Ligand SMILES: NC(=O)c1ccc[n+]([C@@H]2O[C@H](COP(=O)([O-])OP(=O)(O)OC[C@H]3O[C@@H](n4cnc5c(N)ncnc54)[C@H](O)[C@@H]3O)[C@@H](O)[C@H]2O)c1
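In our numbering, the protein residues as written are 51 to 369.
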């Protein structure tokens with residue numbers, strides 16, 4: 051039996067990673083998340099009921115070492131975090147403090163395991179934010195020097211916490227893989243990101259569709275592709291490496307993304323350009339060359355197909 055601990059496993063990426071790994075019945079998964087049972091969505095609850103090799107435990111991971119005494123995990127996949135642009139800007143100290151403390155808590159738990167094969171940590175594309183602004187190296191490779199700005203902004207709390215997490219893990223002596231996901235999207239991703247927000251606005255009766263940061267561009271990566279990449283890396287023999295997770299072929303300006311979305315929902319809507327979000331990089335595209343060099347080619351879902359699946363899910367969700 052392979053034993054896996056997944057933090058943040060009730061969340062967007064966490065649930066999708068859990069679902070994919072749980073197909074193998076030789077694997078036993080403990081999902082830790084702070085969401086109480088009564089607040090978990092139907093899809094997640096049904097999944098837990100059906101899959102006897104998945105165990106859900108509600109826990110604030112800051113208490114992990116005082117509550118959890120198991121020492122036989124083979125893999126730790128640490129996804130729980132404080133995130134989301136609005137949250138980061140409104141609660142910068144809470145974000146940096148939680149993300150740093152929880153990652154240290156997890157690393158210390160990892161160090162107590164008898165036979166840990168890999169500690170997998172989700173950092174973020176946000177660690178490149180200042181580097182991209184100053185060096186404009188796009189697509190961005192993992193080995194680029196990470197830069198900071200002397201003009202500290204609230205937004206830096208998230209990128210700093212993720213970079214601190216990376217450095218702590220690298221210095222911990224645990225075998226690790228670090229992921230830097232770039233704009234992952236798909237069904238059940240919450241309501242705060244640009245894709246669900248544009249879907250929500252497109253479903254409303256108003257004639258106009260306001261689009262923030264319309265000329266900024268991002269590479270959107272469909273969740274199934276991101277999970278496939280992560281799982282390939284997690285269960286490979288490779289460790290002590292950092293990998294971007296994303297789809298460099300899908301770079302699109304936000305107003306073009308809005309057009310694709312509203313065309314599938316309400317084509318007559320008129321797109322209105324709104325202001326740019328402060329501190330947000332104008333472009334963000336991952337280089338996936340390193341991933342391909344280590345694990346071979348990656349099959350990507352095209353944006354129209356990924357959006358169609360996402361729109362279908364959110365149309366039901368918002369109705
Ligand atoms: N989604 C993306 O595009 C993206 C991009 C870059 C990085 N990431 C990183 O990937 C990871 C997963 O992101 P996501 O989009 O699935 O986010 P998410 O918000 O859907 O999932 C995070 C989960 O962590 C849980 N959590 C928060 N505080 C906790 C605590 N104290 N104890 C236990 N659980 C707690 C939440 O309840 C949630 O279920 C995060 O670390 C995030 O920073 C995501």
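Beta carbons: idealized from backbone N, C-alpha and C, even for Gly. Here the structure is a predicted model, which means the values were calculated and not measured.
From the beta carbon of residue 128, is the nearest beta carbon of chain C less than 8 Å away? Reference to chain C is not applicable here, since this structure consists of a single protein chain.
Using three-state DSSP, classify residue 132 as helix, strand or coil. Along the chain shown, read from residue 1 onward, the residue named residue 132 stands at position 82. Coil, per DSSP.
Taking 7 Å as the line, does the beta carbon of residue 160 fall inside it for any heavy atom of ligand 1? Residue numbering aside, residue 160 sits at position 110 when the chain shown is read from its first letter. Checking the Cβ of residue 160 against ligand 1 gives no.
Which of helix, strand or coil DSSP assigns to residue 214: The sequence position of residue 214 within the chain shown is 164, counting from 1. Of the three classes helix, strand and coil, the one that applies to residue 214 here is helix, per DSSP.
When DSSP builds the beta bridges, which residues end up paired with residue 74? Reading the chain shown from its first residue, position 24 is the one you call residue 74. BP columns for residue 74 are empty, so no partner.
When the Cα atoms are used, what is the spatial distance from residue 338 to residue 184? Numbered from 1 along the chain shown, position 288 holds the residue referred to as residue 338. Numbered from 1 along the chain shown, position 134 holds the residue referred to as residue 184. Distance between the alpha carbons of residue 338 and residue 184 is about 21 Å.
If we call anything under 8 Å between Cβ atoms a contact, is residue 190 one with residue 86? As a working mapping, residue 190 is identified with position 140 in the chain shown. As a working mapping, residue 86 is identified with position 36 in the chain shown. Not a contact, by the Cβ cut-off of 8 Å.
Flag this pair as yes or no: are the beta carbons of residue 234 and residue 283 separated by less than 8 Å? The residue you call residue 234 lines up with position 184 of the chain shown. The residue you call residue 283 lines up with position 233 of the chain shown. No; because the gap between Cβ atoms is not below 8 Å, this pair is not in contact.
Could you give the DSSP three-state label for residue 142: helix, strand or coil? Position 92 of the chain shown, counting from 1, holds the residue named residue 142. It is helical.
Closest to residue 237 by C-alpha separation, out of 82, 72, 91, would be which residue? Walking along the chain shown from the start, residue 237 turns up at place 187. Out of 82, 72, 91, 91 has the C-alpha closest to the C-alpha of residue 237.
Does residue 66 come out as helix, strand or coil in the three-state DSSP assignment? If you number the chain shown from 1, residue 66 lands on position 16. Correct three-state label for residue 66: helix.
Regarding residue 62 and ligand 1, is the C-beta to nearest heavy atom distance less than 7 Å? For the purposes of this step, residue 62 is identified with residue 12 of the chain shown, where counting begins at 1. Inclusion of residue 62 in the 7 Å shell around ligand 1 follows from its C-beta lying nearer than that to a non-hydrogen atom of the ligand.
In the DSSP assignment, the beta strand (DSSP E) including residue 260 goes from what residue to what residue? Residue mapping note: residue 260 aligns to position 210 of the chain shown, counting from 1. Run containing residue 260: 258-261, per the beta strand (DSSP E) assignment.
Check the C-beta distance from residue 103 over to residue 138 and give it rounded, since I have them as a contact under 8 Å. As a position in the chain shown, residue 103 is number 53, starting the count at 1. As a position in the chain shown, residue 138 is number 88, starting the count at 1. 35 Å between Cβ atoms; not a contact.
Can you tell me whether residue 347 is buried or exposed? The criterion is at least 16 other CB atoms within 10 Å of its CB, across all chains shown. Within the chain shown, numbered from 1, the residue matching residue 347 stands at position 297. Flag for residue 347 reads exposed.
Length of the line joining the Cα atoms of residue 250 and residue 276: The residue you call residue 250 lines up with position 200 of the chain shown. The residue you call residue 276 lines up with position 226 of the chain shown. C-alpha separation (whole angstroms): 24 Å.
Out of 57, 115, 74, 260, which has the shortest C-alpha to C-alpha gap to residue 108? Taking the first residue of the chain shown as position 1, residue 108 is located at position 58. Residue 57 is the option with its Cα nearest to residue 108.
If you check the beta carbons only, do residue 269 and residue 334 fall under 8 Å apart? Within the chain shown, numbered from 1, the residue matching residue 269 stands at position 219. Within the chain shown, numbered from 1, the residue matching residue 334 stands at position 284. Against a cut-off of 8 Å, the Cβ pair of residue 334 and residue 269 comes out as a contact.
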